[in-house]
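*Asks:* Before anything else, here's the structure in question.
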Amino acid sequence: MLSKIILSAVECCLLLLCSLQGGVAQRNGDLRLTNGTLPNQYSGRLEIFDSSSREWGTICIDGFTLQSANTSCKQMGSAGVINFGVAVQLGYGAGSGRISLTQVQCGDDDSHILRCSSTALSTLTNLNCNHGQDVAVECIRPTDQRIVHNAFTGLSV
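According to my numbering, the sequence shown is numbered sequentially starting from 1141.
Spelled out as structure tokens, the structure:
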């Protein structure tokens, strides 16, 4: 009987470990920043987790707004956005693999990127996004007090 309990505990731990990536369970719509300069975890190429495919994908800059960048930063625990633009132009490099979303347009009240208006690229027949159009964001660190600048349009807010 004790061996069955121990085996069940081991199986449970293995299942838990299999569901974790980087020590944190991934949920649909989770965001991460990649290729940022460590230890700065507040900037990089923006990627979104798709639980149905269990893959991370990039987000296309087409239609991506300042409010979308702000919502993304806040979803990841930041106070807001400093800058956003094309990942390659901001020095974060192009992604690889799947491009998950385009035309992401968030409103002032959106707290999660999946609540924003967007188009999943898997539903498009004419894909006009490529990894040269991946989005990058630079989010406010807790001690930052800066003017927001959009490198994509050149406008400051």
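Note that beta-carbon positions come from the ideal geometry of N, C-alpha and C, so glycine has one too.
From a predicted model like this one, the values you see are computed outputs, not experimental measurements.
Since Leu1241 and Ala1260 are thought to touch, with beta carbons under 8 Å apart, how far apart are those beta carbons, to the nearest angstrom?
*Replies:* Reading the sequence shown from its first residue, position 101 is the one you call residue 1241. Reading the sequence shown from its first residue, position 120 is the one you call residue 1260. So it is a contact: roughly 6 Å between Cβ atoms.
*Asks:* Helix, strand or coil for Ile1201 per DSSP?
*Replies:* Indexing the sequence shown from 1 puts residue 1201 at position 61. Here Ile1201 sits in coil by DSSP.
*Asks:* Shortest alpha-carbon distance to Leu1186 belongs to which of Ser1192, Asn1268, Asn1175?
*Replies:* Position 46 of the sequence shown, counted from the first residue, corresponds to residue 1186. It is Asn1175 whose Cα lies nearest to the Cα of Leu1186.
*Asks:* Starting from Cys1279 and walking both ways along the beta strand (DSSP E), at which residues does that stretch end?
*Replies:* On the sequence shown, position 139 is the one that residue 1279 refers to. Here the beta strand (DSSP E) through Cys1279 covers 1275-1279.
*Asks:* In the structure shown, what three-state DSSP assignment does Asn1175 receive?
*Replies:* In the sequence shown, residue 1175 corresponds to position 35, counting from 1. Here Asn1175 sits in coil by DSSP.
*Asks:* Taking the beta carbon of Ser1208 as the centre, do at least 16 other beta carbons fall within 10 Å, making it buried, or is it exposed?
*Replies:* Walking along the sequence shown from the start, residue 1208 turns up at place 68. Flag for Ser1208 reads buried.
*Asks:* Compare the beta carbon distance of Gly1197 and Arg1238 with 8 Å and say whether it is the shorter of the two.
*Replies:* As a position in the sequence shown, residue 1197 is number 57, starting the count at 1. As a position in the sequence shown, residue 1238 is number 98, starting the count at 1. For Gly1197 and Arg1238, yes; Cβs fall inside 8 Å.
*Asks:* Would you grab the beta carbon distance between Leu1206 and Ile1188 for me? Rounded to a whole angstrom, and I think it's under 8 Å.
*Replies:* In the sequence shown, residue 1206 corresponds to position 66, counting from 1. In the sequence shown, residue 1188 corresponds to position 48, counting from 1. About 18 Å; that fails the 8 Å criterion.
*Asks:* State the beta-bridge partners of Val1221 as determined by DSSP.
*Replies:* As a first step, residue 1221 is located in the sequence shown; it is residue number 81 there, counting from the start. Per DSSP, Cys1279.
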